[in-house]
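K.L.:
Pasting in a structure now, in structure tokens, and then I'll have a few things to ask.
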Amino acid sequence: MKSINRRRFIKNVAMATPVVLLPELLESCNKLKIPKGSYSGNVIVIGAGAAGMVAAKILTERNVNVMVLEASAIHGGRISALSDFASFHVELGAEEVHGHRSRWYQITKDGGADLIKEPGENYYFLNSKVQIEKDIKNDSEASKALDMVSAMNSYNGNEITAEQYAADNGVTARVKFIDDAQVGGEFGTSMERLSFSGVKQSNDLWSAGNTNYMVKNKSLLSLLENYCSNMLSKISYNIQITQIDYSQSTIILTDQNGQTYEADKVVITVPLTILQQQIIEFVPALPDKKISAINGIGMGAGMKIILKFDSPFWKNDLGSLFSEGVVPEYWTTALGKSSSDYLLTAFAMGSFAEALSAQGSNAVTQCLAQLDAAYNGAATNHFVDSKIMNWTNEPFILGAYSFPTQTSNQPRIDLAEVVNNQLHFAGEATNTEGSFATVHGAIDSAFRVAEEILA
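Rendered as structure tokens:
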């Protein structure tokens, strides 16, 4: 999913730091080199999201006998787009390419993506008027809220939630919406659930680069499909694995209909929530360390509501609007992609998503009312259509993306660890290098499990 500017703190650092072409950039093509090695056994990949698809692509290129079992009727996981809502693909899940030093960046470039830097300015509805960011910095309370965003890169204190940090540092209720969006929402949750010290720790590990990119001419799914074209025929759909029995050398997987599948190794790429809710039974039970890891990482509710209008009522350079209300952030979906589509995306995470989800279809009305307050009723007057994407209600996803609930990175390290040389774990939540909650983090985890199997 797109938030205001993934790893927004980097933007502030970059303003004072010359951009240097690091070796990682010069070696970006090398990152896509398929790991060497071989494996003669049978591999089953559970889940056809980015991690599962890329893992299967790599193993297929190394002539490994691999099968992909997908619980839903489609592949892509949390990469999904509307193709008939506007003149461009409207991304319902992942929306940005974060940085230029990642495998995902190279995959999109190789796939013919027209990448544009994330456009637009930040505006805030404060003191009964919509103001650009530079103008609210004179407001002492707003300035403290913005300081908290910068502090994500410098905090070195004890374990603390983002909510408590805000309270301790004078962020008042009047301006708290700024940090609800730029801190809580940025990391896929609400501030009372987010470890502020964990955010700092993950930011220290981030290495993908300082710039966020949007894809102008293609959907993210089409770019993933292009890269993984050799494995698409290996996906079997509507197969929900309910049990994995790894008590013997041959692993037995059972689906919702009682059908069984055999493998020598299994790559598990399901979202963290599926593991947390124990939707898959493991025989024997997973090690205590693995269970602690699963429960030591957060993942919760997340929604996007796409709002279509017949004409814009916002400034031409609006990137994101931050406002107190049911949704802390709205962004201009079409900016840089189309001049004839007028869309705003409402982005709600954590407790905001839970409250909005409880409203059902009335959620759209509530969003329009919030925008009407900022724009003198213009939102309702120009409203045409909407699309609600509630990732929490997707039965095989059950949430947005993972976030830190503690300072330590150990839960992700333990989650990524192989069990009994049979069960391999991939997906964004297993990324140990600060790139959780991103497509490139999921792809990196796929390369890791492929290397484990081919070694």
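Residue numbers (this note's numbering): -9 to 445. Glycine residues also receive a C-beta, built at the ideal position from the N, C-alpha and C atoms.
1. I need the straight-line Cα distance from L16 to D169, nearest angstrom please.
2. Just mark G42 as buried or exposed, buried being the case when its beta carbon has 16 or more other beta carbons within 10 Å.
3. How is A198 classed by DSSP in three states: helix, strand or coil?
4. Using the rule of at least 16 other Cβ atoms within 10 Å of the residue's Cβ for burial, across every protein chain shown, is L12 buried or exposed?
5. Candidates G288, D331, P318: which alpha carbon is nearest S301's?
6. Can we say the segment 97 to 107 touches the segment 219 to 236, given the rule of at least three CB pairs closer than 8 Å?
7. Go ahead and pull the three-state DSSP assignment for V260.
8. Going by DSSP in three states, K190 sits in which element: helix, strand or coil?
9. Could you check whether V58 and A40 sit closer than 7 Å to each other, using their CB atoms as the reference points?
10. At 3 residues or longer, what runs of the beta strand (DSSP E) sit wholly inside the segment 306 to 369?
11. Tell me whether T50 is buried or exposed, calling it buried when 16 or more other Cβ atoms sit within 10 Å of its Cβ.
12. Measure from the alpha carbon of N515 to the alpha carbon of each residue in N148, A253, Q191, G83, then state which is nearest.
13. Taking 7 Å as the threshold (C-beta atoms), are M293 and N380 in contact?
14. Per DSSP, what are the beta-bridge partners of V120 in this structure?
15. Output the distance between the C-alpha atoms of P455 and A345, rounded to the nearest integer angstrom.
16. Under 8 Å: do the segment 116 to 136 and the segment 163 to 181 share three or more Cβ pairs, one atom per stretch?
17. At the level of alpha carbons, what is the spacing between E123 and N383?
18. Give the single residue among L325, T355, F386, P261 whose Cα lies nearest to the Cα of I295.
19. For D307 versus G83, is the C-beta distance shorter than 7 Å?
20. Can you list, in chain order, the residues of its chain with a C-beta nearer than 8 Å to that of H430? Leave out the 5 residues immediately preceding and following it.
21. Let me make sure I understand the geometry here. Which of A390, V139, S28, Q246 has the alpha-carbon closest to that of S187?
22. Tell me the DSSP bridge mates of S392?
23. Between L388 and P261, how many whole angstroms is the CB-CB distance? I'm expecting something under 8 Å.
24. Using three-state DSSP, classify H372 as helix, strand or coil.
25. Could you give the DSSP three-state label for F426: helix, strand or coil?
26. Please report the distance separating the alpha-carbon of W304 from that of N399.
27. Need the endpoints of the alpha helix (DSSP H) that Y95 sits in, please.
28. Give me the Cα-Cα distance between Y155 and N148, rounded to the nearest whole angstrom.
29. Secondary structure at D434, three-state DSSP: helix, strand or coil?
30. Could you check whether A427 and G178 sit closer than 7 Å to each other, using their CB atoms as the reference points?
31. Could you check the C-alpha separation between T370 and A359 for me, to the nearest Å?
32. Give every residue of the same chain whose Cβ lies closer than 8 Å to the Cβ of P25, excluding the five residues on either side of it in the sequence, and list them in chain order.
33. Counting C-beta neighbours from all protein chains within 10 Å, is the total for T162 16 or more, i.e. buried, or is it exposed?
34. Please identify the residue among Q246, N200, L325, Q412 whose C-alpha is closest to the C-alpha of S62.
P.N.:
To lay it out plainly:
1. Here the model assigns L16 a pLDDT of 47, short of 50, so the residue's position is not dependable, and the following value carries that caveat. Their backbone Cα atoms lie some 36 Å apart in a straight line.
2. buried
3. coil
4. Bear in mind that a pLDDT of 44 at L12, under 50, signals an unreliable position, so the number given afterwards is only what the model happens to contain. Answer is exposed; the Cβ neighbour count stays below 16.
5. D331
6. no
7. coil
8. helix
9. no
10. 308 to 312, 319 to 322, 332 to 339
11. buried
12. There is no way to answer for residue 515, as the model of the chain reaches only from -9 to 445.
13. yes
14. F115
15. This structure gives no information on residue 455, because the portion of the chain shown stretches from -9 to 445.
16. yes
17. 35 Å
18. T355
19. no
20. V87, H88, G89, S92, R93, W94, Y95, A198
21. V139
22. M289
23. 6 Å
24. helix
25. coil
26. 41 Å
27. 93 to 100
28. 10 Å
29. helix
30. yes
31. 7 Å
32. I48, R52, F437, A440, E441, L444
33. exposed
34. Q246
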